[in-house]
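Top to bottom, those sequences are chains X and Y.
Numbering follows the working numbering, in which position 188 of the first sequence is assigned residue number 257; successive positions increment by one, without gaps.
Numbering follows the working numbering, in which position 503 of the second sequence is assigned residue number 572; successive positions increment by one, without gaps.
There are 2 protein chains.
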Amino acid sequence: MTAGTGKTSRRGKRRHGGRSANIRRGSAAIRQVPWTLPQNPDVPTEPLDEEGEHAVHDAAMRVLEDIGIDFLHDEAKQILADAGCTVRVGSGTVRMDRDFVMEQVRKAPERFDITPRNPERMVRIGDDYMLFGNVGSPPNCSDLDRGRRPGDRESYRDLIKLTQYFNCIHMIIGYPVEPVDIHPSIRHLDCIHDALVLSDKALHAYSLGKERIEDAMEMVRIAAGLTPGEFDASPCMFTNINSSSPLKIDFNMLDGPMRMARRGQPVIVTPFTLAGAMAPVTIAGAVAQQTAEALAVIALLQTINPGTPVVYGSFTSNVDMGSGAPAFGTPEYLRATQMSGQMARFYGLPLRASNACAANCPDAQAAWESAFSLWACVSARVNLVYHAAGWLEGGLCASYEKLVMDCETLQQVIHYLRPVAVGTDDLAVDAIREVGPDGNFFGASHTLERYETAFYRPFLSELNNFEAWEERGSIQTPERANSIWKQILDEFEPPPMDDAIREELEAFVALRKEEGGAPTDY
Amino acid sequence: MTAGTGKTSRRGKRRHGGRSANIRRGSAAIRQVPWTLPQNPDVPTEPLDEEGEHAVHDAAMRVLEDIGIDFLHDEAKQILADAGCTVRVGSGTVRMDRDFVMEQVRKAPERFDITPRNPERMVRIGDDYMLFGNVGSPPNCSDLDRGRRPGDRESYRDLIKLTQYFNCIHMIIGYPVEPVDIHPSIRHLDCIHDALVLSDKALHAYSLGKERIEDAMEMVRIAAGLTPGEFDASPCMFTNINSSSPLKIDFNMLDGPMRMARRGQPVIVTPFTLAGAMAPVTIAGAVAQQTAEALAVIALLQTINPGTPVVYGSFTSNVDMGSGAPAFGTPEYLRATQMSGQMARFYGLPLRASNACAANCPDAQAAWESAFSLWACVSARVNLVYHAAGWLEGGLCASYEKLVMDCETLQQVIHYLRPVAVGTDDLAVDAIREVGPDGNFFGASHTLERYETAFYRPFLSELNNFEAWEERGSIQTPERANSIWKQILDEFEPPPMDDAIREELEAFVALRKEEGGAPTDY
């Protein structure tokens, strides 16, 4: 298969008659950047020289060749054995030689598109594109009014609405909070239903057993009005899997991707390599292990369906050696992400990382950890930033206020990524002459012609002076964010969906609920 | 003159007998990084291509050649006229042709050292060195207990002590707060006295009239136990001046630097080019104007004393076009600083920028604005970061808590700047084999040998989980910082100073106070 292009004509065949949804629709609660697919013009920061890159590659290859990875999935082992890999009898350990690995990895596209039910929300993963996903998978959520609490369907829907609202969030990279009030057997049905109805952005499905991933693919297909053949023809959704580092890939983390790969749907492979815990305490060692684990799965998927869109996922950070707790937005995270960027480019693969933080509340620590994470992502030339908006507590909590705060910084990053103009008019020598030593530029024609769009205009940052700020109640950032998300939710309108499609989707959910959904132990 | 080296022998002649102060002295309030002069190993981010660099240069040269800069200082004008520049009769406008400018700029050193009274506190400005200065010049200060208030001598001394305490702050770049309870005629005497007694780090003197800068030079000379000739032989202190943008340099901003240059003391030249207000609304135009203004002063100083250490100062940010207020840590600030870095390297000059923010309190906005500013400084390869710790409100307030918070992020940047190791031991293939798929790295010998120093260990960030954090009172970052500065001040011990030097310094202050200090209108 080939990824990416040539989707316009098939989209014209959609059952809803090709009516294009308006992505500028929605409330005017805040001043937003327009929907855009940002491209990163900067030369990436590369802590490794060429020799260092090869050393990390060689270490990863030695792990794959000499130590091996445990694949806890019989069919996966068989496929790899058939392809010439060494499967140790009586265990799941698979050793692959570097020629095999590299041959498979080379089949993966450097770039691919994912087209969700609204083709205007197409996203492009790879090259110099830099896209952002919402927070994914926390068990808890919090806001200033209700405090921290386990996620439920209401908060799930709220956070999906906020994700849909913000143009700076390109994709739904997981449940923004786990709705624990829905039984796990049917949670995926309600969650994906809600995400498809409340949003028209590309969405992720969890690889948690055959039923869940198959149901998700079917629901995305229905929502997009595609035939099964059309669905299989190019990416419409995606999944992310984590290895059980060190050196182990669980059944579900293989079974879902294998099903997705067979239907040409993208798989992000993200080893969970926290340095000092599940990976070596050295950043080079952790990135080497991360590379080995990621490439092992990518090689399997390319063996199954050559050309399957895949992403090299970097999650390498460090634990705090005092407490053993994961730390994020650290100097080590910066360097690990940049080194991961080098390895992704070395293999010609798109890169995923995260906008992560460890803070327990949306305070200054949360902000600097997240800003350092965004610095990591820009300087590493990350293509897809997971958890870009809303994450707290190392992923244990989704914060309504933090989501809004993060969108302010994401908008700034998007603005930052625009190329700098240095034409004659930009250099403004005539304007400098016109204003002269006794004037100012506020009223200059050069300024007036440009001031509406010259600079990024924040929606959340307070730029009034102290006295004005104090007079209005000394409102700190999270409190300002609190007002904003309420306004957005109050004014939220879901994107259009054809009635027939909505009915088909609901019928599918009802049927699958009758059948019991996905099997669970409880 | 030549800057930089060969100072060890003269330092041996110090009156205090060459006893070396211990820079590791002081309280153990927090876990600090050691005193070090960090070097930035990253390739800088360069938004301009070569043509763009030349375009900015050409625009700056056209400003200098065709429009001119107003020098409000008769002697300066005469010196420039004598050197062949065109001085317009009846005004202060000086036009310089590009050959003259470039000839003068080339005389400035690419790197120089400043050696304060404690030679172990020598700082190196230029090349890939990246040093940090405290907050400078706010009229107000704040802490969580006493709120925001005008600065006084007590708060001035407090903030100097904190500046002295933190190893990540290399220099005193100005009064950390203006002590408005000291009459301006003698303020400089008390302030410089206190800075010299409470700190042994390199310090800045304001260029605010002949008396103040001359007194400051004399006091630094006395504190270092130097003869006038020794003082003149190499840099011992520094000043910073701002142009009155657009296109104007006030009398004091020229008089001080001319006096410093004649004695071989470094001058940082920082145009105040807020885009959209005192400079064009386009970043390219603002940087072009900044370059013109900075080079105009640098050319004058090199004419006066070839080889005078100078620094190209970048302060270009944007105003908020809604309120007209200055904005900091913005996308525009990032790009302007990076472009300034390119221009500084183009001219072979060290670069100054700032860790700036606009926020009114030490909340999330302050943290992300500062983190973005630090990102700007690292990616631009800034040599000297002004206002690195403690600045709020666009420079109108010095915050005790923000100072501590900033030091946490400065320490992280210093840790980040360390080179990444990729030796065989770092790649850790043997450790990965040893741990295997069923283990973890917490107890691995590879981890145990390294865990004390493997990662940056924060002193302020909270890495305990939510429950533990909540149990201890849900203490947010500024409150934690509040406890830390109190402990530091409680335990503070000033660096050693020879009694004879202290007496001489006090006698000088008393004498100058008797003489009336510096003249004022009030």
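Idealized CB from N, CA, C, for every residue including glycine.
Chain Y contact residues for residue i, given Cβ-Cβ distances below 7 Å
| i | result |
| --- | --- |
| Y520 (chain X) | G345, V350 and M390 |
9 Å Cβ cutoff met for residue i and residue j
| i | j | result |
| --- | --- | --- |
| D259 (chain X) | P564 (chain X) | no |
| C364 (chain Y) | L133 (chain Y) | According to the sequence displayed, residue 364 (chain Y) carries Leu and not Cys. Yes, the pair counts as a contact, with Cβ atoms nearer than the cut-off. |
| P335 (chain Y) | S276 (chain Y) | no |
| M199 (chain Y) | V489 (chain Y) | no |
| G137 (chain Y) | L420 (chain Y) | no |
| V204 (chain Y) | H484 (chain Y) | no |
| A593 (chain Y) | P395 (chain Y) | Any question about residue 593 (chain Y) goes unanswered here, given that chain Y covers just 70 to 591. |
| S224 (chain X) | L461 (chain X) | no |
| C466 (chain X) | N209 (chain X) | yes |
| E531 (chain Y) | N429 (chain X) | yes |
| F235 (chain Y) | E401 (chain X) | no |
| T399 (chain Y) | S383 (chain Y) | no |
| P431 (chain X) | A274 (chain Y) | no |
| L272 (chain Y) | F307 (chain Y) | yes |
| S386 (chain X) | A425 (chain X) | yes |
| L370 (chain X) | F140 (chain X) | no |
Residue i versus residue j - alpha carbon distance
| i | j | result |
| --- | --- | --- |
| N187 (chain Y) | P506 (chain Y) | 54 Å |
| A445 (chain X) | M390 (chain X) | 21 Å |
| A128 (chain Y) | R526 (chain Y) | 46 Å |
| P588 (chain Y) | V112 (chain Y) | 48 Å |
| N509 (chain X) | I367 (chain Y) | 24 Å |
| I310 (chain Y) | S254 (chain Y) | 20 Å |
| G459 (chain X) | V473 (chain X) | 7 Å |
| T232 (chain X) | R450 (chain X) | 23 Å |
| R164 (chain X) | D319 (chain X) | 16 Å |
| F535 (chain X) | P245 (chain Y) | 19 Å |
| S439 (chain X) | F397 (chain X) | 8 Å |
| I183 (chain X) | G202 (chain X) | 13 Å |
| D227 (chain X) | D196 (chain X) | 33 Å |
| G95 (chain X) | E562 (chain X) | Because the pLDDT of G95 (chain X) is 46, which lies under 50, any placement of that residue in the model is unreliable, and the number read from its coordinates should be weighed accordingly. Going from the Cα of G95 (chain X) to the Cα of E562 (chain X) covers about 6 Å. |
| W104 (chain X) | V482 (chain X) | 14 Å |
| A285 (chain X) | M412 (chain X) | 31 Å |
| G417 (chain Y) | I241 (chain Y) | 25 Å |
| S303 (chain Y) | R404 (chain Y) | 34 Å |
| G585 (chain X) | V388 (chain X) | 40 Å |
| R217 (chain Y) | K471 (chain Y) | 13 Å |
Collapsed DSSP secondary structure at residue i in the structure displayed
| i | result |
| --- | --- |
| L277 (chain X) | coil |
| P253 (chain X) | helix |
| P219 (chain X) | strand |
| M408 (chain Y) | helix |
| C237 (chain X) | coil |
| V204 (chain Y) | coil |
| C476 (chain Y) | helix |
| R450 (chain X) | coil |
| K317 (chain Y) | strand |
| S60 (chain Y) | Not covered by the structure: residue 60 (chain Y). The range shown for chain Y is 70 to 591. |
| D269 (chain Y) | coil |
| R164 (chain X) | strand |
Beta-carbon neighbours of residue i, restricted to chain X and to distances below 7 Å
| i | result |
| --- | --- |
| R66 (chain Y) | Past the boundaries of the shown model lies residue 66 (chain Y); chain Y is included only from 70 to 591, so the question cannot be answered. |
| Q434 (chain Y) | S530, E531 and T546 |
| L403 (chain Y) | Y485 |
| I310 (chain Y) | Those within 7 Å of I310 (chain Y) in chain X number zero; the least Cβ separation is about 16 Å. |
| H515 (chain Y) | P349 and V350 |
Beta-carbon neighbours of residue i, restricted to chain X and to distances below 8 Å
| i | result |
| --- | --- |
| V125 (chain Y) | V491 and L496 |
| D139 (chain Y) | P506 |
Closer than 8 Å at the beta carbon, the chain Y residues around residue i
| i | result |
| --- | --- |
| T114 (chain X) | D111, V112, T114 and S448 |
| E462 (chain X) | N534 and F535 |
Within chain Y, partners of residue i - CB distance below 9 Å
| i | result |
| --- | --- |
| Y416 (chain X) | Those within 9 Å of Y416 (chain X) in chain Y number zero; the least Cβ separation is about 17 Å. |
Every unbroken beta strand (DSSP E) inside the region 322-390 of chain Y [3 residues or more]: 336-338 and 379-382
Ordered list of alpha helix (DSSP H) runs contained in the region 488-544 of chain X, each at least 4 residues: The qualifying runs are 493-496, 498-504, 514-517 and 535-540.
Contiguous alpha helix (DSSP H) assignments of at least 4 residues, all confined to the region 104-141 of chain Y: 119-131
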